[in-house]
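J.: So that we are looking at the same thing, I have put the structure below in structure tokens.
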Amino acid sequence: MDYSNFFPYEQYRQDQESIIVQIERASEDKKNSLLAAPNGTGKTIIALSALLPLAIKKKLKIIYLCRTHAQNTRIIKELTKISNYLSDNNLNIKVNGLSIRGRNEMCLNEILLSLKLNPRESMAVCGDLRKNKSCKYFLNLLKKKDMHDNLINIAPDLLNKPVDAEELIHFCKDQMLCPYFLSKFLLKEMKLIICNYQWIFNPFIRQNFLQFIDKELRDCILVLDECHNVIDMATEVNSDRITPYSLRLCLKDLEMYRSTNDMQRFVKSLLNHLDKKKKTLKDFEKEIDAAKLLTQVYTMMRFSTLNEFANFITNLQDFSVSVHEEKLANGEISRDFLGSLAEFWLKWMKCYLLENYFFCYNIKQIKGKSAISMEIVALDPREIAIPILRECYTSVHLSGTVNPFVYNNLMGLQNSGKGYKGIVADSPFLKKNIKAVITEGVDTRGKNRNAPMFKKMLSKINEVLYCTPANVGIFCASYKILNELVKNGIESIAIKNNKQLFVEEPGLSASENAYLVNDFKSMASSNRNGAILLGVCGGRNSEGEDYPGDHMNSVIIAGFPYHLPTPRVEAKIEYYDKVFNNQGWNFAYLYPAIQRANQASGRPIRKIKDKGAIIFMDWRFEQKAKWISEWIRKEIEIIPDKPNALLQNLNSFWKTV
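Using the working numbering, the first residue of the sequence shown is number 40, and each one after it goes up by one.
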């Protein structure tokens, strides 16, 4: 049994078989593999064909980690093709799989859904509902569980094949069963589990998850799809924050459940402190001297040593447990804000002297009002990533835009005690179907953001619109640039080219955004002249959405998408300089920007037969061209800053079949 038994297509695409063999061998040797390959390479079927024989032979689980539901569904479709292929060819090999979602996305319980909790809080509230026998969906599931030795027998036609979470939720709604726990009870029966990165990379979720799959991490093969997303996620799960909202709810519990005066005084002092900072801070982010603030806090509480303060926080944590138990006894279900506050300060005391953490006040505008938080920010993804990569059986990392050198360093692939195999695939796209250009004469640095520069950009955008057959995406470096394009007349240019303008707005709900994108795509039909989607780099429309065929013929990257050099970015640069041999600016500032540009630039070319034009509209892309994804970089031309030079170049591209 080898990969050829699991490849369901009649023939391999360019280099597919070679890549499968390389991953198969590396995985057998327990190496961490990184595959950098453009869309169209068939990364999903490559990974599944290479890994399923090993998983079956060694009795391992494959945990396929993704970011979006659409990616989960795509993997289930490929696994279904493999399952059908095995059945059609009488190979007597059973391959099943299940895509699962977070508790909040699978739960049907009205109480839990109304509370809008984070994953950790959801876990606690769900536990309370089950202990109190207050969840009818879970109780119904337990009855079914008592009736069947194997829960697959609840619905064998559905559950004996690869199942998408959406199918499972639909089935459970009809049967009044808990989809979340049905999926968890089924996990140990599944060869392949598809889930969000959080299930493995969030320590609080991982422990519980591994119990349900009935495997140690060392018996699991990890596949990290779109792995460039994991870098930020690995630091986010290791960070923490408190807000005035959470503190007010802490105070409410302390008063209601008769805490000691010093506990109430502690929370009131923190509230006053944050209120003063919100009024006096001029910047939206301000670094905190962690040691100095810690001393101020325990001195304010009249403790003479840090040890005394640590004991106080432990008592607060114990009190939170007693409050929680009393609430539970009274049938109350709520979030454990006191426990979260105690854990925040325990983490602060653990990390305040470590150089791989940054402490700050952060002010955001939420619905027109300022909201402040106090934050512990983890800077190093390796703290979370390396123990996982060291312990798992093997891991395969997949991305179309990742820079292998940067990713290898930031994730510690070669520092995890395993061997490493890097694979960079050639583009499967025909050269004649890709046009990639950098326009000279556009400079969106702050000092040049003026009306003449935006008028020049709009003139070049007009040239792109004029010769693009259908839809065009314009992804700006920031909302500031987007708003300037609107202010300087992009709508009139859209009307001039008979294309409807759709503008992405911050704060749109998922459903509102889906309507916007679907309406934009619908304008690509043959009896219409196409449309323009104006959005931002790093947003869901420039990274999580595909636009094959005429859904997006041309894409413009308007400006170089650097983030603002905030104190936390500066701290990351300084830290990375120390630990990555003076690569701080490249790793913490340049790479995230170019990654956003690379993601946006690949939107129009998703399938082998797609034809698309990519226009980088800022001279700095020429300066940093070596960081652009290789399959695009190989095609890049520089367009001089002359009237109609861009139009002439693109016109000849679109006129050739």
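Here a beta-carbon is modelled for each residue, glycine too, at the ideal position from N, C-alpha and C. Every value quoted in this text rests on a predicted model; they were computed, and no experiment measured them.
#1: With a threshold of 16 other CB atoms inside 10 Å of the CB of serine 548, please say whether the residue is buried or exposed.
#2: Kindly identify the DSSP beta-bridge partner or partners of methionine 450.
#3: Among the candidates Lys495, Val362 and Ala381, whose CA atom is the shortest distance from the CA of isoleucine 372?
#4: Does DSSP put alanine 636 in a helix, a strand or coil?
#5: I'd like to know whether the C-beta atoms of serine 88 and tyrosine 124 end up nearer to each other than 7 Å.
#6: DSSP beta-bridge partners for cysteine 105?
#7: Straight-line CA distance for glutamine 61 to leucine 93?
#8: In the segment 588-644, which residue ranges form an unbroken beta strand (DSSP E) of at least 3 residues, counting only runs that do not cross its ends?
#9: Using the rule of at least 16 other Cβ atoms within 10 Å of the residue's Cβ for burial, across every protein chain shown, is threonine 80 buried or exposed?
#10: Which residues share a DSSP beta bridge with glutamine 539?
#11: Go through the segment 86-137 residue by residue and report every complete run of the alpha helix (DSSP H) that reaches 4 residues or more, in order.
#12: Roughly how many angstroms lie between the CA atoms of leucine 345 and aspartate 322, to the nearest whole one?
#13: Given a cut-off of 7 Å, decide if leucine 497 and isoleucine 473 are closer than it, judged by their beta-carbon atoms.
#14: Does DSSP put phenylalanine 397 in a helix, in a strand, or in coil?
#15: Leaving aside the five residues before and after glutamine 356 along the sequence, list all residues of the same chain whose C-beta is less than 7 Å from its C-beta, in chain order.
#16: Over the uninterrupted beta strand (DSSP E) stretch that includes lysine 474, give me the two end residues.
#17: Ignoring anything shorter than 4 residues, give me the alpha helix (DSSP H) runs that lie fully in the segment 202-268, in order along the chain.
#18: Would you tell me roughly how many angstroms separate the C-alpha atoms of alanine 664 and methionine 656, rounded to the nearest one?
#19: With DSSP as the reference, label aspartate 375 as helix, strand or coil.
#20: For alanine 509, which of Lys291, Leu181 and Met562 has the nearest alpha-carbon?
#21: Roughly how many angstroms separate the alpha carbons of glutamate 394 and tyrosine 614, rounded to a whole number?
#22: Tell me which same chain residues have a C-beta within less than 8 Å of the C-beta of lysine 673, skipping the five on either side of it?
#23: Consult DSSP for glutamine 50 and reduce its assignment to one of helix, strand or coil.
#24: On the three-state DSSP scale, how would you describe leucine 428?
#25: If we count the other Cβ atoms within 10 Å of its Cβ and call it buried at 16 or more, is arginine 287 buried or exposed?
#26: Grouping DSSP H, G and I as helix and E and B as strand, with all else coil, what is glycine 512?
#27: Which same chain residues, not among the five before or five after glycine 480, have their C-beta less than 6 Å away from its C-beta?
#28: I'd like to check one pair, alanine 417 with isoleucine 653: are the Cβ atoms closer than 7 Å?
#29: What is the DSSP secondary structure of glutamate 676, reduced to helix, strand or coil?
#30: What residue from Lys331, Ile633, Lys96 and Tyr391 has the CA that sits closest to glutamate 67's CA?
#31: For tyrosine 48, does the count of other Cβ atoms within 10 angstroms reach 16, so buried, or fall short, so exposed?
#32: Within 10 angstroms of the Cβ of serine 285, are there 16 or more other Cβ atoms? Answer buried if so, exposed if not.
#33: Kindly give me the distance between the Cβ atoms of methionine 162 and arginine 142, rounded to whole angstroms, as I take these residues to be in contact under 8 Å.
#34: Buried or exposed: where does leucine 198 fall if 16 or more other Cβ atoms within 10 Å of its Cβ makes it buried?
#35: At what residues does the alpha helix (DSSP H) containing asparagine 346 begin and finish?
#36: Tell me which residue opens and which closes the beta strand (DSSP E) that aspartate 292 is part of.
T.: This is what the structure gives:
#1: Serine 548 should be labelled exposed.
#2: Answer is none; methionine 450 lacks a bridge partner.
#3: By alpha-carbon distance to isoleucine 372, the top candidate from Lys495, Val362 and Ala381 is Val362.
#4: In the three-state DSSP reduction, alanine 636 falls in the helix class (H, G or I).
#5: 7 Å or more divides the Cβ of serine 88 from the Cβ of tyrosine 124.
#6: Beta-bridge partners of cysteine 105 (DSSP): Asn235.
#7: Roughly 13 Å separates the two Cα atoms.
#8: Listed in chain order, they are 593-597.
#9: It is buried - the Cβ of threonine 80 has at least 16 other Cβ atoms within 10 Å.
#10: For glutamine 539, the pairing in a beta bridge is given by DSSP as Ala570.
#11: Those alpha helix (DSSP H) runs which fall completely within the segment 86-137 and span 4+ residues are 108-127.
#12: Between the alpha carbons of leucine 345 and aspartate 322 lies a gap of roughly 30 Å.
#13: In this structure, leucine 497 does not lie closer than 7 Å to isoleucine 473 by Cβ.
#14: In the structure shown, phenylalanine 397 adopts extended strand secondary structure according to DSSP, grouped into three states.
#15: Sequence-distant partners of glutamine 356 (beyond 5 residues in either direction) whose C-beta falls short of 7 Å from its own C-beta, in its chain, are Gly378 and Ala381.
#16: Counting along the chain, lysine 474 sits inside the beta strand (DSSP E) bounded by residues 473-478.
#17: Runs found: 204-214, 218-225, 237-240 and 242-252.
#18: When the Cα atoms are used, alanine 664 and methionine 656 turn out to be separated by approximately 13 Å.
#19: Coil at aspartate 375, not helix or strand.
#20: When each option's Cα is compared against that of alanine 509, the closest is Met562.
#21: Approximately 7 Å between the Cα atoms of the pair.
#22: Result list for lysine 673: Ser466, in chain order.
#23: Per DSSP, reduced to three states, the secondary structure at glutamine 50 is coil, with no helix or strand assignment.
#24: Here leucine 428 sits in helix by DSSP.
#25: Burial check for arginine 287: the Cβ neighbour count within 10 Å stays below 16, so the residue is exposed.
#26: DSSP places glycine 512 in strand when its eight states are reduced to three.
#27: Closer than 6 Å at the Cβ level, and outside the excluded window around glycine 480, lie Asp680.
#28: No, the Cβ-Cβ distance between isoleucine 653 and alanine 417 is not below 7 Å.
#29: Under the three-state reduction of DSSP output, glutamate 676 falls in the strand class.
#30: For glutamate 67, the nearest C-alpha among the options comes from Lys96.
#31: A residue is called buried when at least 16 other Cβ atoms come within 10 angstroms of its Cβ; tyrosine 48 does not meet this threshold and is exposed.
#32: Taking all protein chains shown into account, serine 285 has 16 or more neighbouring C-beta atoms within 10 Å of its C-beta and is therefore buried.
#33: Methionine 162 to arginine 142, Cβ: 7 Å. Contact.
#34: Buried, since its Cβ has 16 or more Cβ neighbours within 10 Å.
#35: 345-368 is the span of the alpha helix (DSSP H), which, as asked, contains asparagine 346.
#36: Secondary structure note for aspartate 292: it is in no beta strand (DSSP E), and the uninterrupted alpha helix (DSSP H) holding it is 283-295.
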